[in-house]
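Numbering (my numbering), first residue to last: 543 to 592. We put the CB at the ideal spot given by N, CA and C, even for glycine. Since this is a predicted model, take the numbers as computed values, not measurements.
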């Protein structure tokens, strides 16, 4: 399964950037974000579009 991870602005919560990763990478990205206090929004990636 793939997930879209969006990094959010600290002030207003708007999306700063976005990436799609596999499930194995989600934990590493969340741990890195937690270490620096970064806000993330994670959702399943749309896999229907080819």
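Beta-ladder partner(s) of residue 563, from DSSP
The residue you call residue 563 lines up with position 21 of the chain shown. DSSP output for residue 563 lists 545 as bridge partner(s).
State the DSSP-derived secondary structure class of residue 553, mapped to helix, strand or coil.
Taking the chain shown and counting its residues from 1, one reaches residue 553 at position 11. Residue state, collapsed to three classes: coil.
Would a C-beta distance cut-off of 7 Å place residue 583 and residue 543 closer than the cut-off?
Start at 1 with the first residue of the chain shown, and residue 583 comes out as number 41. Start at 1 with the first residue of the chain shown, and residue 543 comes out as number 1. No, Cβ-Cβ distance for residue 583 and residue 543 is not below 7 Å.
Could you tell me the distance, in whole angstroms, from the CA atom of residue 575 to the CA atom of residue 566?
By 1-based counting over the chain shown, the position of residue 575 is 33. By 1-based counting over the chain shown, the position of residue 566 is 24. Computed Cα separation, rounded: 16 Å.
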